[in-house]
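As structure tokens, the structure follows; a few thoughts come after it.
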Amino acid sequence: MPRPDAASGLVDDAQLAWDLPVAFAPSVEIVSENNPGVLLYRKDTGRYFQLGRSSRMFVPHLKEGVTPGYLVQKISGLFQVQESAAAHTVTRFLSEIREMGLLDVPPPAKGLRGGAARVLAEIPMRRLVLVRDPSPPAASGKPATPRSLTRIAAGAFVCAVVLLAAGVAALAATRLLDVRALGSASIAIPLVLLLHLMLHEASHWLACRYYGVTVPEAGIAFWFWILPRPYVDRSHAYRLNRRTPLVVITTSGIVVDALNAGIAGTLAFATDDPTLRALAAAVAYTLLMTLANDVNPLLPSDGLHAIEAATGHHSFRRRAIQYLLTLVLRLPSSHHHEFASRRLRLLYLGYGLLALAYLAVVALLVARFVASVGG
1 MPRPDAASGL VDDAQLAWDL PVAFAPSVEI VSENNPGVLL YRKDTGRYFQ
51 LGRSSRMFVP HLKEGVTPGY LVQKISGLFQ VQESAAAHTV TRFLSEIREM
101 GLLDVPPPAK GLRGGAARVL AEIPMRRLVL VRDPSPPAAS GKPATPRSLT
151 RIAAGAFVCA VVLLAAGVAA LAATRLLDVR ALGSASIAIP LVLLLHLMLH
201 EASHWLACRY YGVTVPEAGI AFWFWILPRP YVDRSHAYRL NRRTPLVVIT
251 TSGIVVDALN AGIAGTLAFA TDDPTLRALA AAVAYTLLMT LANDVNPLLP
301 SDGLHAIEAA TGHHSFRRRA IQYLLTLVLR LPSSHHHEFA SRRLRLLYLG
351 YGLLALAYLA VVALLVARFV ASVGG
């Protein structure tokens, strides 16, 4: 690696100085060093980052500050590899976390891979914050209890109720839905949906409070900048030291989706009024579509977050799309992708292809809808 100009501290905008110390930025908090990798929190942005297991050997040095050259010598001696190979590893790792804004040097200009992956992995939205909690991040959790038949039975019961409710809603939506009988009652559907979304987010908030997780803010998010829906920021749940509470927090909204859809379906079967029956069936259908969207793992949904929580692979969608773009655009692989197992890389590739294909189909349908409305 060519030596930098010591006055500037950088070879260029993308390469760190070889002999000047770098450290974690003052705004970075090390939440956990075994989660199963390293969990970091940026206080200035409120975002969490999970680094792989291989990053744990760098963390103690970056707490205080270290030169990249020293890290190369350390890695070379520790693993008995040539300094060129160690320099390759150190450079990739420092470049990756610098792009995340985790170092005390400014991140480089957003690269094509990082910028595209961020846009494709996350639904663009603006947020209108209505409630803000200035309390420091916390997630006390509940004491772990031995796995018992009671806990297993409770989980099985919830799953059975969810499936039963979804089944009733599906029957009502397919057998009793009559658009002609709705008439002016159809105006109530958006209002019911809004109330449901508020209950959905309230369930996340209650689950967070139960496990002692601070909810920093709540308000209205505008998906694709135009579609409003309530939201609750539950990101501090990543601090929980067990996966089960995180799974409960992420799936609580899915349970509410199914229950409300089941209630609407039951009402459709129970009432004799044709208009009310049609309205209840239409609400059941709408809530089933909401449930399908919330469990869809090809979107940044509750379903995807639940899978990430259960497996411990946070930011799976972003990393998968980033890996796919790395292959397509023939860009250098990141430190995480380079050290990922072959099985995980194949999962990234398969998921990335499916997610982008699904996103393309949705974009096409939205474009056709807009064109039909405008034309």
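When we follow the numbering used here, the leftmost residue of the sequence shown carries the number 1, and every step to the right adds one. Note that CB positions come from ideal geometry on N, CA and C, so glycine has one too. Being a predicted model, the structure only gives us computed values, none of them experimental.
Residues that DSSP places opposite residue i in a beta bridge
i: Ser-32; result: Leu-39
i: Phe-24; result: Leu-103
i: Val-283; result: DSSP output for Val-283 lists no bridge partner at all.
i: Val-66; result: Val-22
i: Ala-278; result: DSSP lists no partner for Ala-278.
i: Tyr-238; result: In DSSP, Tyr-238 forms no bridge with anything.
i: Val-131; result: Ala-218
i: Ala-139; result: Val-213
i: Gln-50; result: Leu-39
i: Arg-126; result: Phe-222
Option nearest residue i by Cα separation, candidates the options
i: Leu-291; options: Ser-315, Ser-76 and Ala-169; result: Ala-169
i: His-305; options: Ala-278, Thr-250, Leu-354 and Ala-284; result: Thr-250
i: Glu-83; options: Gly-69, His-335, Leu-356 and Leu-164; result: Gly-69
i: His-88; options: Thr-326, Glu-99, Leu-365 and Gln-73; result: Gln-73
i: Leu-197; options: His-314, Ala-221 and Tyr-210; result: Ala-221
i: Tyr-238; options: Leu-344, Pro-137 and Val-22; result: Pro-137
i: Glu-217; options: Trp-205, Trp-223 and Tyr-210; result: Trp-205
i: Thr-244; options: Tyr-358, Ile-307, Val-129 and Ala-360; result: Ile-307
i: Pro-274; options: Leu-176, Ile-187, Gly-155 and Arg-56; result: Leu-176
i: Val-161; options: Leu-259, Ile-30, Val-192 and Leu-191; result: Leu-259
i: Thr-45; options: Ala-25, Met-289 and Gly-52; result: Ala-25
i: Ser-184; options: Leu-276, Val-248 and Tyr-351; result: Leu-276
i: Arg-317; options: Val-361, Leu-364, Ala-355 and Gly-101; result: Ala-355
i: Arg-342; options: Val-328, Pro-332, Tyr-323 and Leu-331; result: Tyr-323
i: Thr-214; options: Asp-294, Arg-345, Ala-139 and Ser-27; result: Ala-139
i: Gly-312; options: Ala-261, Leu-39 and Thr-174; result: Leu-39
i: Gly-101; options: Gly-253, Ser-55 and Tyr-41; result: Tyr-41
i: Ser-54; options: Tyr-351, Pro-190 and Asn-34; result: Asn-34
i: Ala-202; options: Ile-189, Asp-233, Leu-365 and Leu-182; result: Asp-233
i: Thr-174; options: Arg-330, Ser-27 and Phe-269; result: Phe-269
i: Gly-212; options: Leu-329, Glu-99, Asn-241 and Asp-294; result: Asn-241
i: Arg-209; options: Pro-60, Ala-188, Ala-371 and Ser-252; result: Ser-252
i: Leu-191; options: Ile-75, Arg-229, Ala-156 and Leu-128; result: Arg-229
Separation of residue j from residue i, as counted between CA atoms
i: Tyr-231; j: Pro-106; result: 31 Å
i: His-336; j: Thr-266; result: 49 Å
i: Ile-321; j: Leu-349; result: 8 Å
i: Arg-3; j: Thr-326; result: Since pLDDT at Arg-3 reaches only 33, below the 50 mark, its modelled position is unreliable, and no value is offered.
i: Lys-43; j: Lys-63; result: 16 Å
i: His-200; j: Ala-207; result: 11 Å
i: Ser-391; j: Ala-309; result: The first residue shown for the chain is 1 and the last is 375, placing residue 391 beyond what the model contains.
i: Leu-164; j: Asp-257; result: 12 Å
i: Ser-301; j: Gly-77; result: 44 Å
i: Leu-103; j: Leu-94; result: 8 Å
i: Leu-246; j: Tyr-358; result: 27 Å
i: Pro-297; j: Leu-20; result: 43 Å
i: Phe-58; j: Leu-287; result: 47 Å
i: Leu-130; j: Gly-219; result: 5 Å
i: Ile-30; j: Asp-133; result: 22 Å
i: Val-158; j: Leu-299; result: 24 Å
i: Gly-303; j: Ser-334; result: 27 Å
i: Ala-363; j: Leu-353; result: 15 Å
i: Leu-193; j: Ser-186; result: 12 Å
i: Thr-67; j: Arg-319; result: 27 Å
i: Leu-227; j: Leu-195; result: 15 Å
i: Ala-154; j: Phe-79; result: 48 Å
i: Ser-32; j: Thr-150; result: 31 Å
i: Ser-235; j: Phe-49; result: 11 Å
i: Arg-47; j: Leu-182; result: 45 Å
i: Leu-331; j: Val-81; result: 25 Å
i: Ala-367; j: Val-361; result: 10 Å
i: Ala-264; j: Thr-271; result: 11 Å
i: Asn-293; j: Val-90; result: 40 Å
i: Val-28; j: Pro-108; result: 18 Å
Any C-beta of chain B under 9 Å from that of residue i
i: Ile-152; result: This model lacks chain B altogether, as it is built from one protein chain only.
Could you pull out every unbroken beta strand (DSSP E) segment of at least 3 residues lying fully inside the segment 169–233, listed in chain order? Fully enclosed beta strand (DSSP E) runs of 3 or longer: 217–223 and 227–232.
Quick one: any contact between the segment 273–287 and the segment 160–179, if contact means 3 or more CB pairs under 8 Å? The segment 273–287, when compared against the segment 160–179, does touch it at the 8 Å Cβ threshold.
What are the uninterrupted segments assigned as alpha helix (DSSP H) that are 4 or more residues long and contained completely in the segment 290–375, given in chain order? Complete alpha helix (DSSP H) runs here, min 4: 302–311, 316–328, 335–339 and 342–374.
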